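Report on the structure given below.
Structure (structure tokens):
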């Protein structure tokens, strides 16, 4: 049997979207990134501090803290409000960026094309 002892399944699809986009020359707006993970959010939620976080990251944080990671003020740990509009915006941003990259022939020839 070809059974790998320890499967690192977690890491596989966990390629950093931000790093992937930045490698391709796309700057990710800081509003799209979780302040905890500095990663592009896929499930943004609003904490009672008024800031937006990746759900998994803020849930993990709130297991050990009752304060905001950004402002240190006490927060309502049970209140995470899904931020659907931002989620849609981020998804469209990433998809648009990746589509542009697929359509753009310059990138396959490496650097040095005269642009502008």
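Residue numbers (the working numbering): 5 to 120.
Where is the CB? At the ideal position from N, CA and C, for every residue including glycine.
Here the structure is a predicted model, which is why all the values come from computation and not from measurement.
Buried or exposed (CB count within 10 angstroms, at least 16 for buried), residue i
{"i": "residue 48", "result": "buried"}
{"i": "residue 94", "result": "buried"}
{"i": "residue 99", "result": "exposed"}
{"i": "residue 84", "result": "buried"}
{"i": "residue 25", "result": "buried"}
{"i": "residue 79", "result": "buried"}
Residues near residue i in its chain [Cβ-Cβ closer than 7 angstroms; skip 5 each side]
{"i": "residue 86", "result": "49"}
Own chain partners of residue i with C-beta closer than 6 angstroms, once the 5 adjacent residues on each side are dropped
{"i": "residue 28", "result": "105"}
{"i": "residue 33", "result": "none"}
{"i": "residue 38", "result": "45, 57, 58, 61"}
{"i": "residue 22", "result": "32, 43, 44"}
Proximal residues to residue i (C-beta, below 8 angstroms), its chain only, five neighbours per side dropped
{"i": "residue 91", "result": "45, 46, 47, 48"}
{"i": "residue 70", "result": "78, 79, 81"}
C-alpha distance - residue i paired with residue j, whole-angstrom precision
{"i": "residue 61", "j": "residue 41", "result": "7 angstroms"}
{"i": "residue 72", "j": "residue 102", "result": "33 angstroms"}
{"i": "residue 107", "j": "residue 97", "result": "15 angstroms"}
{"i": "residue 63", "j": "residue 53", "result": "14 angstroms"}
{"i": "residue 74", "j": "residue 82", "result": "17 angstroms"}
{"i": "residue 66", "j": "residue 55", "result": "14 angstroms"}
{"i": "residue 30", "j": "residue 76", "result": "32 angstroms"}
{"i": "residue 89", "j": "residue 20", "result": "22 angstroms"}
{"i": "residue 68", "j": "residue 51", "result": "15 angstroms"}
{"i": "residue 35", "j": "residue 120", "result": "28 angstroms"}
N- and C-terminal bounds of the beta strand (DSSP E) containing residue i
{"i": "residue 58", "result": "56-58"}
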